[in-house]
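Asker:
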Amino acid sequence: MKRHTISVLVNNHPGVLQRVAGLFGRRGFNIDSITVGQSEDPELSRMIIATSGDDNMLEQVHKQLNKLIDVIQIVELTAYPLVHRELALIKVSAVSNVKQAILALVEPFRASIIDEGSESMMVQIVGDQDKIHSLIELLRPYGILELTRTGLTAMTRGSRIDEAREVEIS
Numbered sequence: 002m003k004r005h006t007i008s009v010l011v012n013n014h015p016g017v018l019q020r021v022a023g024l025f026g027r028r029g030f031n032i033d034s035i036t037v038g039q040s041e042d043p044e045l046s047r048m049i050i051a052t053s054g055d056d057n058m059l060e061q062v063h064k065q066l067n068k069l070i071d072v073i074q075i076v077e078l079t080a081y082p083l084v085h086r087e088l089a090l091i092k093v094s095a096v097s098n099v100k101q102a103i104l105a106l107v108e109p110f111r112a113s114i115i116d117e118g119s120e121s122m123m124v125q126i127v128g129d130q131d132k133i134h135s136l137i138e139l140l141r142p143y144g145i146l147e148l149t150r151t152g153l154t155a156m157t158r159g160s161r162i163d164e165a166r167e168v169e170i171s
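For reference, each letter of the sequence shown is one residue, going 2 to 171 in my numbering.
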């Protein structure tokens, strides 16, 4: 199965996220990750949806999304040069004798310590999913107390998304 990253520009109205997510669920398609936020136009929101499937699945998703009134534009970002990132906050058990070791671990990842308590440290990392996963695995032996991730967000390189030609899915 191929991984797809889809940008969906929608009207910024209540219930739109629920309708889009419900469409995926009714069709039996899994959403691996979804992020939603206000776009450059305050009246519009941009959804970045990561999903896995074959070309037929992608075509069905595209057709079904186009039927929703609040959907303005659908772009299969995977067809373009792409920048994708995720943010993770990781709270690690860190008594005083291991804090230096944790600092040494996070530095090569360009991660930062954003909170430090007497028995824990909170690490912030931004990067692709592999980078984040690698740091999580390195921190796991110290004891991960809490972990939260934003999910994938993405943007095409170069021209703005609204200038990019919508990819026709055959």
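Don't be surprised by glycine CBs; every beta carbon is placed ideally from N, CA and C.
Here the structure is a predicted model, which means the values were calculated and not measured.
Report the CB separation of G152 from I35 in whole angstroms; it is logged as a contact under 8 Å.
Answerer: The residue given as residue 152 occupies position 151 in the sequence shown. The residue given as residue 35 occupies position 34 in the sequence shown. Between I35 and G152 the Cβ distance is about 6 Å, and since that is below 8 Å, they are a contact.
Asker: Count the CB pairs spanning the segment 43-63 and the segment 86-96 that are closer than 8 Å, and state whether there are at least three.
Answerer: Too few Cβ pairs lie closer than 8 Å, so no.
Asker: Rounding to the nearest angstrom, what Cα-Cα distance links A51 and K64 in this structure?
Answerer: As a working note, residue 51 is residue 50 in the sequence shown. As a working note, residue 64 is residue 63 in the sequence shown. Answer to the nearest angstrom: the Cα atoms are 17 Å apart.
Asker: Can you check which of these residues, K3, S53, D55, I145, is closest to S121 by C-alpha distance?
Answerer: As a first step, residue 121 must be located in the sequence shown, where it is residue number 120. Nearest C-alpha to S121: I145.
Asker: According to the neighbour-count rule (16 or more other Cβ atoms, all chains shown, within 10 Å of its Cβ), is L78 buried or exposed?
Answerer: In the sequence shown, residue 78 corresponds to position 77, counting from 1. When all chains shown are included, L78 counts as buried.
Asker: What runs of the alpha helix (DSSP H), each 4 residues or longer, lie entirely inside the segment 23-58?
Answerer: Complete alpha helix (DSSP H) runs here, min 4: none at all.
Asker: Check the C-beta distance from R173 over to G128 and give it rounded, since I have them as a contact under 8 Å.
Answerer: Because the chain spans 2 through 171 in this model, residue 173 falls outside it and cannot be assessed.
Asker: Extract the residue ranges of the alpha helix (DSSP H) inside the segment 59-120, only unbroken runs of 4 or more that lie entirely within it.
Answerer: Taking only runs of at least 4 residues, the alpha helix (DSSP H) segments lying wholly in the segment 59-120 are 100-107.
Asker: In angstroms with no decimal places, state the Cα-to-Cα distance between I170 and E60.
Answerer: The sequence position of residue 170 within the sequence shown is 169, counting from 1. The sequence position of residue 60 within the sequence shown is 59, counting from 1. Because I170 sits at a pLDDT of 38, beneath the cut-off of 50, its placement in the model cannot be relied upon, and the following sentence gives the value as read from the coordinates. Cα to Cα, I170 sits roughly 6 Å from E60.
Asker: Quick check on H14: does DSSP put it in helix, strand or coil?
Answerer: Translated into positions along the sequence shown, residue 14 becomes position 13. Here H14 sits in coil by DSSP.
Asker: For V175 and L140, what's the separation of their Cα atoms in angstroms?
Answerer: Residue coverage of the chain in this structure runs from 2 to 171, which leaves residue 175 outside it and unanswerable.
Asker: Of the residues F30, Y143, K100, which one's Cα is nearest the Cα of M2?
Answerer: Within the sequence shown, residue 2 is the residue found at index 1, counting from 1. The residue with the shortest Cα to Cα distance from M2 is F30.
Asker: If I'm right that T157 touches L88 with Cβ under 8 Å, what's the distance once you round it to whole angstroms?
Answerer: The residue you call residue 157 lines up with position 156 of the sequence shown. The residue you call residue 88 lines up with position 87 of the sequence shown. About 20 Å separates the two Cβ atoms, so there is no contact after all.
Asker: For L195, which residues of its own chain have a beta-carbon under 6 Å away from its beta-carbon, when the five flanking residues on both sides are left out?
Answerer: Residue numbering for the chain in the displayed model covers 2 to 171; residue 195 lies beyond these limits and cannot be assessed.
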